[in-house]
Amino acid sequence: MITYLEAIREAQARALRDDPRVYIYGQDVGQFGGAFKATKNLAEEFPGRVLDAPISEDAIIGSAVGAALEGMRPIVEMQFADFSTVGLNQIVNHAATMFWRTQTPCPITVRLPSGGTAGAGPFHSQSMEALYAHYPGTVVMTPATVEDAYSMLLDAVAIDDPVIFCEHKYLYYHLKAEALPSEAMPVGKARLARPGRDLSIVTYSAMVHEALAAAAELSAEGWEVEVVDLRTVKPLDTDTILASVARTGRLLAVGEAFPWGGVTAEVVARVASEGFDLLDAPPRRLNSKDTPVPYHPNLWGTHRPTARTIASEARQLLRV
Amino acid sequence: MITYLEAIREAQARALRDDPRVYIYGQDVGQFGGAFKATKNLAEEFPGRVLDAPISEDAIIGSAVGAALEGMRPIVEMQFADFSTVGLNQIVNHAATMFWRTQTPCPITVRLPSGGTAGAGPFHSQSMEALYAHYPGTVVMTPATVEDAYSMLLDAVAIDDPVIFCEHKYLYYHLKAEALPSEAMPVGKARLARPGRDLSIVTYSAMVHEALAAAAELSAEGWEVEVVDLRTVKPLDTDTILASVARTGRLLAVGEAFPWGGVTAEVVARVASEGFDLLDAPPRRLNSKDTPVPYHPNLWGTHRPTARTIASEARQLLRV
Amino acid sequence: MVHPAEADTRPAHSPASPKLFLETYRWMLLARTAEEKIANLYRSGKIVGGVFLGKGQEALSASLGVHLKPGDIFAPLIRDQAGRMAFGESLLDYIRTYMGSRLGPMQGRDGNIHRGRPREGMLAMISHLGAMVPTVAGALMARRFKGIKGCVGATCIGDGGTSTGAFHEGLNLAAVERLPLVVVVANNQYAYSTPNSRQFACSDLVQRAVGYGVEGHSVDGTDLADCLSVLGHAVERARSGHGPQLVVASLLRLAGHGEHDDAHYIDPQLRKAAVGRDCLRLAEDEILKRQWAAPAEVEAWHTAAQSQVEDAVASTLREPLPDPGEETWQALSTPHLNEG
Amino acid sequence: MVHPAEADTRPAHSPASPKLFLETYRWMLLARTAEEKIANLYRSGKIVGGVFLGKGQEALSASLGVHLKPGDIFAPLIRDQAGRMAFGESLLDYIRTYMGSRLGPMQGRDGNIHRGRPREGMLAMISHLGAMVPTVAGALMARRFKGIKGCVGATCIGDGGTSTGAFHEGLNLAAVERLPLVVVVANNQYAYSTPNSRQFACSDLVQRAVGYGVEGHSVDGTDLADCLSVLGHAVERARSGHGPQLVVASLLRLAGHGEHDDAHYIDPQLRKAAVGRDCLRLAEDEILKRQWAAPAEVEAWHTAAQSQVEDAVASTLREPLPDPGEETWQALSTPHLNEG
Ligand SMILES: Cc1ncc(C[n+]2csc(CCOP(=O)(O)OP(=O)(O)O)c2C)c(N)n1
Ligand SMILES: Cc1ncc(C[n+]2csc(CCOP(=O)(O)OP(=O)(O)O)c2C)c(N)n1
Ligand SMILES: [Mg+2]
Ligand SMILES: [Mg+2]
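Residue numbers (the working numbering), protein chains in the order written: chain D, 12 to 331; chain V, 12 to 331; chain W, -11 to 328; chain R, -11 to 328.
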């Protein structure tokens, strides 16, 4: 059995092994193996290619941009996604504008340990995909499975453009698979995580599993709920979303991020404009509440969507 | 006649005059009066209360947070909205979380000279409202008129919460009014900029004027297009938007910002979920293109929505 | 040791009085005792989230706290339990926040070290390192605007935190404004697992003072007497109008980065070196050696601290936990501007 | 003047040869001539957007440029026209970018000073000050990974830019990695309208070097001989493995912040002081005084520069402007991952 976290480690090991242009840079990623052990033993296996960085997110990303221009393929680990606010400028204004401005690709991968876990609080729980997806010039990945964590990280390193890789901390240990995948879906394609006919839940990252649990619950009630795992939120696979809504006529977009804007707004807006006639009922959204992510599990459990709240939202939508 | 820019200056003068807790901090805002002259003569009129800051956006905002905690009402000017990426962390993670975490209000006003002008290029043209609105804990204002520039800035200073004040550089000199307003709409309420019955264009900031021009053009063709000026994009006045769509049955959301996520996605998503049955046709969005804002006017004119492209989008929607 | 940025600092500073030494020692002791209790609770699964200790850094932190006065501003960081208490944070605030009590200052919305009471001059740190430096500077600008004189603002940071842009921008801004800001750098040789050699390249962080045009001070963070005297001096310099003060302490973190961490990466040589001595033990030895208190008295202080902590934990255990149904879920203080 | 961070810098550095002096002078002259032309075009409304000149800073900038070699990396800033040319940027790249020609390196997508050819080691600055410092550091890390030795990376920044977090983080990172990075600070006394006194509080920015553990150098930015010798030395130190070099030049911007700005805020005393001298004029005087060239020859160089510039402008005027219909509107290099 291999965990989501181990898959991320393995993908990095393979990238380092297969491509001499790859190196890893971030706080405590070296000897220590990273705050979450996503780079465990990599410093020993690949001497000189897995380097501890100072507490300087802006400079970490800035240096990766420079190295990418010189033909390297840096993988940068932010210790928590939340700290990438301090490196955001180099991502959105430098890495993401590079190709368009200079026709020079900027292949950096920024790993963001994302999302909430119990007791992590406002500054170690954020889901920042919307910020990076809003700016032109990045690919934003949000893997929900062990297989995708592995193969999409390899894709991220291979792509000639800046990739924001939002890996979910809740899935690190909770999610296990039998083995690493030998093949993968193309980048930018969403996945049908569960087929259905009554309602489409479109979601990504950890919420895929909450949605699947909700679908299982609803299936006991006789509803067949389809779950679409977006995999990348930019580009967004509108075709797959529309095909699903064409089958079900009902859309519930679910995300763990804050409610204003973001993935669920984009999904609903696209379906409303491009697939209006497919909808048999008003589309719905379920996001976190509009406050910082609470520390205490009692609050956190209510702040983010869960299988229970997704199921209840779905039930209401199914009744329309 | 008073310009949009002068209105901003006057609002600051009045805030300084009426409230000893107000001070202004930002690069070149002192003797020099600011890069755009929005603080012209204020340093002389209010000695010691209009201070030049070092090139340190993070520290500028951070210091405003500290001063707000001590009961001051700082107005901070970013030289261009685009540079606020470097101060974003202090806005979204410090100012915006303060009240919820500590029950202590954090009344700072961050002025962001926003939006595109000819020849300004990728780093002096951005519209960043979506980034700040996505995070809980801020009010995001996007005034479109001289009157609103004045009264909303006074509101911003008066509100006990962090306000991101997105003032549009294109309107600075282009927009003039007879006089400063003596009364104003409440914060958080959208305005009917032009009544109509065939289609609602929901927009904000400089795009209000492009939309009005488009509406005028369409009126010559016999269409009555309603234009809603959002005024604040967070909170978003869903009621007014829905009331408009209830009248017209057709929605076109227009924004100058990048296409993924953002205000137009939020507007369309809300109308689709809360006003689905009001819609007689699929809602549409018009945003900038998904590249950095181009420098050359030939490109810039195509990158952002204009009266022409809005009118053409509206025509298509009216024909459905 | 004083490194004048320009010229005019005072030649020397006076040793702390036995009274102050003992008072500070007792804050150190209370902090250590409370932290050990929280660490125990953590090990028995009673704390959700991380636990971060200031073990080994109490002399430095408490010495800062005792030199601050009511009306001063303090933005402590991760390892400032002792300084918080010395400045006036209640033991209950500490226990309640770690245990998630709804009655704590953070009401379960935030936890562990992320707590404060801004209205009482005790700022609530955000995690992003360096962020509190400009914030305290701004609070001091506010005091100046309001015409309040003689106050000081202090904040703490680690060797790792000095690499942040926020630290640089904040200290520079404070220097330009010549604010009464004291920035205390606890150089505990590591930032999480990262040693100084991967964090900065100067031979001593105090060398940065001159580049900011502020006064710099070095201090032995394991030695309470030195901490009291240097911090006392630095706070006094700030208070008397000599602008920002940068204090750099040498010490070692005598715990993991958090209680999940066994700190195996710490160089054993450092543990054995002077920098690795336990400041609390040293202070206690000093007290006994100088006969400022009898062994039984010291023992009684330990017991008193212990029961104070046990009482606080016991009463907190009876308190309600946060209830999502009673939570306002409102991020803005202006009620009608909240969405959803 | 050399400020060793630790100990082992070389005692002195050799004066520039007449040949190098003349070569550098001619780059200065070409830059000045080209900038005057662009300023004229701006005044007659032929340039869209801002125009930013390096007038008064040519000696410093060109001295850096001539000491860089093909294969080195250069991230110039706002006022580095002379250094760009000396490093190898073509006059046409300059003119085309300012005039928005579709054939320029930025194709009208970006303009004025925001240009470069990263594949040729000439990075294209973004506006956010400080951002290029870590970027060049990263490019040098790449060189090290690839086993390339003997190269140098250089970047320029203003007095104001030193207040950014990016500058601090980038220089510190470079110091930790001991990269061959040269950071040239042009202290032209103002950041836009903001004087040094509102920007930093140290008496000289070169004092920051020791705090980063890098070698620091002061230079008179108005004096070409000094610039050549100090920059030559600093570049050589970086190239030969002595880690990052911080060069701080004193000079004055002899133009507005941009051509829209009359720079009325500049202290008249500074204009009259040594720092306000025109480096180009001084260099020319020196050439004539030392008889390294005859007046007629210098005159001919002026004429040559003039016609070179006129030719470039004339040919650029015949070039196509950007056409939105032919623009790809794709921000990603991977075609199928672009949206919309
Ligand atoms: C901007 C930022 N980046 C990363 C982190 C994650 N982080 C938390 S503590 C820590 C190490 C801090 O080291 P130091 O400043 O030396 O303090 P110490 O823990 O040694 O007391 C890191 C990297 C953070 N909190 N903020
Ligand atoms: C992070 C950031 N904030 C603000 C600006 C706006 N800005 C452009 S140039 C400038 C002044 C720069 O001064 P200095 O660094 O001394 O360079 P100089 O213009 O004097 O050459 C400012 C504030 C910017 N480019 N980047
Ligand atoms: Mg440390
Ligand atoms: Mg300058």
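Idealized CB from N, CA, C, for every residue including glycine.
The structure presented is a predicted model; accordingly, all values stated were derived computationally and were not measured.
Quiz item: If contact means a Cβ-Cβ distance below 9 Å, which residues of the segment 98 to 128 of chain V contact chain W?
Solution: Asn100, Gln101, Asn104, His105, Ala107, Thr108, Met109, Phe110, Trp111, Arg112, Thr113, Gln114, Thr115, Pro116, Cys117, Pro118
Quiz item: Does W/Glu309 get closer than 7 Å to chain V when you measure Cβ to Cβ?
Solution: Position 321 of the third sequence, counted from the start, is the residue given in the question as residue 309 of chain W. Here residue 309 of chain W is Leu; the residue named in the question, Glu, does not match the sequence. Cβ-Cβ to chain V under 7 Å: no for W/Leu309.
Self-check item: Residue-level contact to chain R via CB, V/Ser67, 7 Å cutoff
Solution: In the second sequence, counting from the first residue as 1, residue 67 of chain V sits at position 56. V/Ser67 counts as touching chain R.
Practice problem: Kindly list, in the order they appear in chain D, the residues whose Cβ is closer than 8 Å to that of V/Arg295. | Solution: Residue mapping note: residue 295 of chain V aligns to position 284 of the second sequence, counting from 1. Per Cβ cutoff of 8 Å: Ser284.
Quiz item: Nearest CA to the CA of W/Ala47: which residue from W/Thr291, W/Leu242, W/Tyr253?
Solution: One-based indexing of the third sequence puts residue 47 of chain W at position 59. Checking every option, the nearest Cα to that of W/Ala47 belongs to W/Leu242.
Self-check item: Distance between W/Phe62 and R/Ile145 (C-alpha atoms, nearest Å)
Solution: Numbered from 1 along the fourth sequence, position 157 holds the residue referred to as residue 145 of chain R. Numbered from 1 along the third sequence, position 74 holds the residue referred to as residue 62 of chain W. Each residue's Cα considered, the two are about 34 Å apart.
Exercise. Please confirm if V/Ala188 has its CB atom under 7 Å from at least one CB of chain D.
Key: Mapped onto the second sequence, residue 188 of chain V falls at position 177. Chain D contact via Cβ: absent.
Exercise. Mind listing the chain V neighbours of W/Ser321? Cutoff is C-beta to C-beta under 7 Å, in chain order.
Key: Within the third sequence, residue 321 of chain W is the residue found at index 333, counting from 1. Here the neighbours are Phe110, Pro116, Asp171, Asp172.
Quiz item: Using a beta-carbon distance cut-off of less than 7 Å, what residues from the segment 303 to 329 of chain D approach chain V?
Solution: Pro303
Quiz item: What residues are listed by DSSP as bridge partners for D/Asn52?
Solution: As a first step, residue 52 of chain D is located in the first sequence; it is residue number 41 there, counting from the start. The partner list for D/Asn52 (beta bridge, DSSP) is empty, contrary to what the question assumes.
Self-check item: Burial state of R/Ser181, where buried means 16 or more other Cβ atoms lie within 10 Å
Solution: Position 193 of the fourth sequence, counted from the first residue, corresponds to residue 181 of chain R. Buried: at least 16 other Cβ atoms inside 10 Å.
Self-check item: 7 Å CB neighbourhood of W/Ser5 in its chain, flanking five on each side removed
Solution: The residue you call residue 5 of chain W lines up with position 17 of the third sequence. Answer for W/Ser5: no residue qualifies.
Practice problem: Please name the residue in V/Phe176, V/Glu237, V/Tyr36, V/His105 whose C-alpha comes closest to that of V/Thr243. | Solution: Here residue 243 of chain V corresponds to residue number 232 of the second sequence, with the count starting at 1. That would be V/Phe176, whose Cα lies nearest to the Cα of V/Thr243.
Quiz item: If you run the structure through DSSP and keep just helix, strand and coil, what is D/Arg315?
Solution: As a working note, residue 315 of chain D is residue 304 in the first sequence. It is coil, neither helix nor strand.
Quiz item: Hey, is R/Gly148 close to ligand 4, as in C-beta under 6 Å from one of its heavy atoms?
Solution: Counted from its first residue, the fourth sequence places residue 148 of chain R at position 160. Yes, since a heavy atom of ligand 4 falls inside the 6 Å radius drawn around the Cβ of R/Gly148.
Quiz prompt | Beta carbon of R/Trp317 nearer than 7 Å to that of V/Thr302 | solution = Taking the first residue of the fourth sequence as position 1, residue 317 of chain R is located at position 329. Taking the first residue of the second sequence as position 1, residue 302 of chain V is located at position 291. Yes, they are a contact pair.
Quiz item: Quick one: what does DSSP say W/Asp249 is sitting in, helix, strand or coil?
Solution: Taking the third sequence and counting its residues from 1, one reaches residue 249 of chain W at position 261. Coil.
Quiz item: chain D partners of R/Arg227, CB-CB under 9 Å?
Solution: Reading the fourth sequence from its first residue, position 239 is the one you call residue 227 of chain R. Those within 9 Å of R/Arg227 in chain D number zero; the least Cβ separation is about 17 Å.
Self-check item: Segment limits, beta strand (DSSP E) that includes V/Met152
Solution: In the second sequence, the residue the question calls residue 152 of chain V occupies position 141. Unbroken beta strand (DSSP E) run through V/Met152: 150 to 152.
Quiz item: Which residues in the same chain as R/Ala(-5) place their Cβ atom closer than 7 Å to its Cβ, once the five residues preceding and following it in sequence are excluded?
Solution: Your numbering for residue -5 of chain R matches position 7 in the fourth sequence. Low confidence applies here, because R/Ala(-5) scores a pLDDT of 38, under 50, leaving its location unreliable; read the following figure in that light. Same-chain partners within the cutoff: there are none.
Practice problem: Using a Cβ-Cβ cut-off of less than 8 Å, list which residues of the segment 128 to 153 of chain D approach chain V; keep chain order. | Solution: Pro133, Phe134, Ala141, Leu142, Ala144, His145, Tyr146, Pro147, Gly148
Exercise. Below 7 Å CB to CB, which residues in the same chain sit around V/Ala75 once its five sequence neighbours on both sides are set aside?
Key: One-based indexing of the second sequence puts residue 75 of chain V at position 64. For V/Ala75, where only same-chain residues beyond five positions count, the Cβ hits under 7 Å are Tyr36, Pro85, Val87, Ile119.
Self-check item: Within-7 Å CB hit, W/Gln187 to chain D
Solution: As a position in the third sequence, residue 187 of chain W is number 199, starting the count at 1. True, the Cβ-Cβ gap to chain D drops below 7 Å.
Quiz item: Which term fits V/Pro197, buried or exposed, when burial requires 16 or more other beta carbons within 10 angstroms of its beta carbon?
Solution: For the purposes of this step, residue 197 of chain V is taken as residue 186 along the second sequence, with counting starting at 1. Answer is exposed; the Cβ neighbour count stays below 16.
Quiz prompt | Backbone CA spacing between R/Ala(-7) and R/Gly126 [nearest angstrom] | solution = As a working mapping, residue -7 of chain R is identified with position 5 in the fourth sequence. As a working mapping, residue 126 of chain R is identified with position 138 in the fourth sequence. Low confidence applies here, because R/Ala(-7) scores a pLDDT of 44, under 50, leaving its location unreliable; read the following figure in that light. In a straight line, the C-alpha of R/Ala(-7) is about 23 Å away from that of R/Gly126.
Quiz item: Among all the DSSP beta bridges, which residues are the ones paired with R/Phe62?
Solution: To locate residue 62 of chain R, count along the fourth sequence from 1; it is residue 74. Its beta-bridge partners are R/Met110, R/Ala142.
Quiz item: Which residue or residues does DSSP assign as beta-bridge partners of V/Tyr143?
Solution: Taking the second sequence and counting its residues from 1, one reaches residue 143 of chain V at position 132. DSSP lists no partner for V/Tyr143.
Quiz item: Counting only beta-carbon atoms, is D/Pro58 nearer than 7 Å to chain W?
Solution: Position 47 of the first sequence, counting from 1, holds the residue named residue 58 of chain D. D/Pro58 does not count as touching chain W.
Self-check item: Buried or exposed by the 16-neighbour rule on C-beta atoms within 10 Å, applied to W/Pro(-1)
Solution: Taking the third sequence and counting its residues from 1, one reaches residue -1 of chain W at position 11. Because W/Pro(-1) carries a pLDDT of 43, less than 50, the predicted location of this residue cannot be relied on, and no value is offered for it.
Quiz item: Listed from N- to C-terminal order along the chain, which residues in the segment 81 to 106 of chain W have their beta-carbon within a distance smaller than 8 Å of any beta-carbon of chain D?
Solution: Gly88, Met94, Gly96, Arg97, Asp98, Gly99, Asn100, His102
Quiz item: Any chance the segment 222 to 242 of chain R sits against the segment 255 to 266 of chain R, with 3 or more Cβ pairs inside 8 Å?
Solution: yes
Quiz item: How long is the line joining the alpha carbons of D/Glu56 and D/Asn104, rounded to whole angstroms?
Solution: Looking up residue 56 of chain D in the first sequence gives position 45. Looking up residue 104 of chain D in the first sequence gives position 93. Whole-angstrom Cα-Cα distance: 34 Å.
Self-check item: Delimiting residues of the beta strand (DSSP E) encompassing R/Glu224
Solution: The residue labelled residue 224 of chain R in the question sits at position 236 within the fourth sequence. Premise fails: R/Glu224 lies in the alpha helix (DSSP H), 212 to 227, not in any beta strand (DSSP E).
Quiz prompt | Nearest-angstrom beta carbon gap, R/Val172 and R/Ala197 [assumed within contact, 8 Å] | solution = Start at 1 with the first residue of the fourth sequence, and residue 197 of chain R comes out as number 209. Start at 1 with the first residue of the fourth sequence, and residue 172 of chain R comes out as number 184. Not really, about 13 Å apart at Cβ, beyond 8 Å.
Quiz item: Which of the three DSSP states, helix, strand or coil, is assigned to D/Arg86?
Solution: In the first sequence, the residue the question calls residue 86 of chain D occupies position 75. Before going on, a small fix: residue 86 of chain D reads as Ile here, not Arg. D/Ile86 falls in the strand class under three-state DSSP.
Practice problem: If I'm right that R/Leu79 touches R/Gln296 with Cβ under 8 Å, what's the distance once you round it to whole angstroms? | Solution: Taking the fourth sequence and counting its residues from 1, the one referred to as residue 79 of chain R is at position 91. Taking the fourth sequence and counting its residues from 1, the one referred to as residue 296 of chain R is at position 308. 6 Å between Cβ atoms; contact.
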